[in-house]
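The structure appears below as structure tokens.
Residue numbers (this note's numbering): 34 to 182.
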């Protein structure tokens with residue numbers, strides 16, 4: 034499977050493909066953002082993401098695990114090697130910092146990390162804590178390469 038195909042399946046499943054925009058788009062990495070037409074409550078984000086992972090056979094990786102840290106370092110390396118769009122996000126700590134930023138600005142945010150074949154998958158959903166407004170979705174699918182490449 035290719036990164037674009039997996040990204041499309043994720044966004045379709047979360048009803049967020051229509052009107053979505055790619056942030057990074059190449060054969061090694063795809064980051065796409067969109068708005069979901071599905072209404073969820075904040076406590077339904079993680080179950081929805083878990084349902085997505087099960088449906089697409091994405092292996093869920095515990096966020097605070099050593100495996101997630103290594104996977105994220107591999108993803109960071111892919112970005113350094115293949116894209117001009119890269120900031121030093123500091124791996125999982127950077128993702129957690131972003132989540133915290135959403136939360137202090139009035140949003141409920143959560144994400145899952147997974148792996149499908151030779152691709153790392155990160156899917157984030159966030160919405161206004163008041164329950165008004167759309168649900169935003171960002172999916173990142175990145176080909177994995179060993180850290181010494």
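Note that beta-carbon positions come from the ideal geometry of N, C-alpha and C, so glycine has one too. Keep in mind the model is a prediction, meaning the values are calculated, not measured.
Residue 106 has its alpha-carbon roughly 28 Å from the corresponding atom of residue 138. Residue 62 sits buried, since 16 or more C-beta atoms from the chains shown fall within 10 Å of its C-beta. Residue 46 and residue 157 have their C-alpha atoms roughly 13 Å apart. For the pair residue 81 and residue 177, the Cα-to-Cα distance works out to about 25 Å.
With fewer than 16 other CB atoms across the displayed protein chains lying within 10 angstroms of its CB, residue 34 is exposed. In this structure residue 152 is in contact with residue 39, their Cβ atoms being roughly 6 Å apart against a cut-off of 8 Å. DSSP, read as helix, strand or coil, puts residue 151 in coil. If you ignore the 5 residues before and after residue 86, its C-beta comes within less than 7 Å of the C-beta of 93, 145, 147, all in its own chain and listed in chain order. Here residue 170 has 47, 49, 67, 69, 158 as same chain residues with Cβ atoms under 6 Å from its own Cβ, once five neighbours each way along the sequence are excluded. For residue 94, the uninterrupted beta strand (DSSP E) segment begins and ends at 92-94.
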